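Engineer: Numbering (this note's numbering), first residue to last: 7 to 236. Built from N, CA and C at the ideal position, the CB exists for glycine as well. Predicted model, so just to flag it, every value in this text is computed and none were measured.
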Ligand SMILES: [Zn+2]
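1) Measuring from the CB of residue 77, is there a heavy atom of ligand 1 at a distance below 7 Å?
2) Do you know whose CA, among 215, 93, 100 and 83, lies nearest residue 184's CA?
3) Tell me whether residue 207 sits in a helix, a strand or coil according to DSSP, three-state version.
4) Does residue 160 pass the burial test, meaning 16 or more other C-beta atoms within 10 Å, or should it be called exposed?
5) Of the choices 116, 55, 208 and 223, whose alpha-carbon is the least far from that of residue 139?
6) Please report the distance separating the alpha-carbon of residue 73 from that of residue 176.
7) Compute every distance between the C-beta of residue 225 and the non-hydrogen atoms of ligand 1, then say whether any falls below 7 Å.
8) Mark residue 109 as exposed unless 16 or more other C-beta atoms lie within 10 angstroms of its C-beta, in which case mark it buried.
9) Report buried or exposed for residue 187, applying the criterion of at least 16 other Cβ atoms within 10 angstroms of its Cβ.
10) Evaluate residue 164 with the Cβ neighbour count: other Cβ atoms within 10 Å of its Cβ, from every protein chain shown; 16 or more gives buried, anything less gives exposed.
11) Based on the DSSP secondary-structure assignment, which residues constitute the bridge partners of residue 150?
12) Any idea which residues DSSP pairs residue 195 with across the strands?
13) To the nearest angstrom, how far is the alpha carbon of residue 99 from that of residue 75?
14) Identify, in the order they occur along the chain, each residue of the same chain with its Cβ nearer than 7 Å to the Cβ of residue 213, setting aside the five sequence neighbours on each side.
15) Less than 8 Å separating the beta-carbons of residue 143 and residue 132?
16) So the alpha helix (DSSP H) residue 131 belongs to, where does it begin and stop?
17) By alpha-carbon positions, which one of 224, 189, 93 and 123 ends up nearest to residue 134?
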């Protein structure tokens with residue numbers, strides 16, 4: 007019964023896909039371990055996915071190699087609202103989470119998931135993901151589930167107007183190479199020259215220049231990454 011429910015959900019999340027059983031749907035994600043999943047695991051997964059369907063928090067399930075298995079409808083809503091419809095309807099199934107995360111953050115996230123896997127306990131991380139018009143802060147919570155897999159949920163903590171914005175013409179942000187440097191957490195842009203100051207430039211968030219280098223600004227490194235590692 008539960009597996010049947012999962013099959014129905016899976017079909018709704020993978021339109022045009024096969025109507026075959028859950029296992030085949032899961033195999034499409036590229037999970038090598040799926041064939042070895044026990045009935046108990048499938049039951050738990052079915053129950054979990056059913057519970058994630060109505061949540062307003064962006065939620066997803068990752069396998070033991072941090073590959074997407076399932077993303078809930080709240081993910082779709084977020085993707086559509088942020089101009090990325092190609093990421094909706096479980097389009098990322100089988101792809102690695104780290105591919106969607108800037109390279110500079112890979113060690114931090116890899117370490118966080120390793121802590122969850124080795125300690126079998128939850129890991130939380132607060133980060134910013136602002137749009138051009140709104141300052142947004144989220145909390146990411148990672149829980150271990152059976153099989154070394156992960157349940158990840160993102161909850162909005164703060165949403166408000168930006169307190170200080172700067173227009174592109176106010177300062178120079180484009181290096182001689184044509185590249186601008188942007189913080190991948192707060193999305194502020196770094197001024198060129200000796201100033202090394204960082205400003206939130208909505209135009210660069212709404213329409214990113216062709217060449218962008220993503221790093222962490224000193225403030226975000228201290229506040230969200232070094233400090234949070236304890
Ligand atoms: Zn920053």
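Structural biologist: The short version:
1) no
2) 215
3) coil
4) buried
5) 208
6) 42 Å
7) yes
8) exposed
9) buried
10) exposed
11) 156
12) 188 and 205
13) 5 Å
14) none
15) yes
16) Unbroken run through residue 131 is the beta strand (DSSP E), 129-134; no alpha helix (DSSP H).
17) 189
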